[in-house]
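Encoded as structure tokens, the structure appears first; notes follow it.
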Amino acid sequence: MATRGAHPARTGWAGWIYFGALVLVAVGIVQFINGLTALTRSDSMYVASSGTSVQVSVAGVGMGLLVMGAVLAAAGIGVMSGKTWAKVLAIALAALSLLANIAFFSAYPLWSAIVIVLDVVVIYALVAHGREIRRS
Numbered sequence: 000m001a002t003r004g005a006h007p008a009r010t011g012w013a014g015w016i017y018f019g020a021l022v023l024v025a026v027g028i029v030q031f032i033n034g035l036t037a038l039t040r041s042d043s044m045y046v047a048s049s050g051t052s053v054q055v056s057v058a059g060v061g062m063g064l065l066v067m068g069a070v071l072a073a074a075g076i077g078v079m080s081g082k083t084w085a086k087v088l089a090i091a092l093a094a095l096s097l098l099a100n101i102a103f104f105s106a107y108p109l110w111s112a113i114v115i116v117l118d119v120v121v122i123y124a125l126v127a128h129g130r131e132i133r134r135s
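Numbering that gives the first Met the number 0 applies: residue 0 is where the sequence shown begins, and numbers increase by one.
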């Protein structure tokens with residue numbers, strides 16, 4: 000019989016949780032660097048898709064990448080330290096990634112399939128086994 004407040008024993012799923020956290024930190028760092036790179040450019044880019052074009056500010060995209068990179072890295076560090084807010088944020092970000100890759104499946108089927116599987120594994124690990132890495 001388990002007692003309230005007792006920490007469950009660690010299983011192999013704790014490794015998947017740390018893997019997901021490290022991926023979040025790595026992607027966050029890459030996004031942050033991409034954001035800094037985009038901020039150094041002051042021009043606009045034109046995205047053409049099936050005969051339509053949209054003007055996009057590179058600086059605006061850069062700020063978005065900076066914020067997203069910081070959030071991703073913070074969530075990854077928080078998951079590694081056992082913070083509940085970080086687990087919830089990581090689950091939400093992985094679900095968003097899963098939906099985005101479903102949307103782009105026809106354009107990048109192999110890459111999307113790999114990312115979808117990893118997202119599902121990380122979400123499962125965080126939901127079902129997230130308490131295994133809680134720090135006391």
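Ideal Cβ positions, reconstructed from N, Cα and C, are used throughout, including at glycine.
Contact set for residue i: own chain, Cβ-Cβ below 7 Å, skip 5 residues either direction
i           : result
residue 104 : 111
residue 107 : none
residue 66  : none
Contact belief for residue i with residue j at Cβ below 8 Å, rounded distance in angstroms
i           : j           : result
residue 19  : residue 97  : Wrong, their Cβ atoms sit about 13 Å apart, outside the cutoff.
residue 122 : residue 72  : With a Cβ gap of about 19 Å, residue 122 and residue 72 do not count as contacting.
residue 93  : residue 118 : 5 Å
residue 37  : residue 64  : 6 Å
residue 79  : residue 17  : 6 Å
Nearest neighbour of residue i, chosen from the options [CA to CA]
i           : options        : result
residue 138 : 29, 24, 11, 99 : Residue 138 lies beyond the stretch modelled for the chain, which goes from 0 to 135, so this question has no answer here.
residue 75  : 90, 62, 64     : 90
task = Would you list, in sequence order, the uninterrupted alpha helix (DSSP H) runs of no fewer than 4 residues that lie entirely inside the stretch 80-120?
result = 83-102, all fully within the stretch 80-120.
request  = Kindly provide the ranges of any beta strand (DSSP E) runs that are 3 or more residues long and lie completely inside the stretch 50-78, ordered along the chain.
outcome  = 51-56
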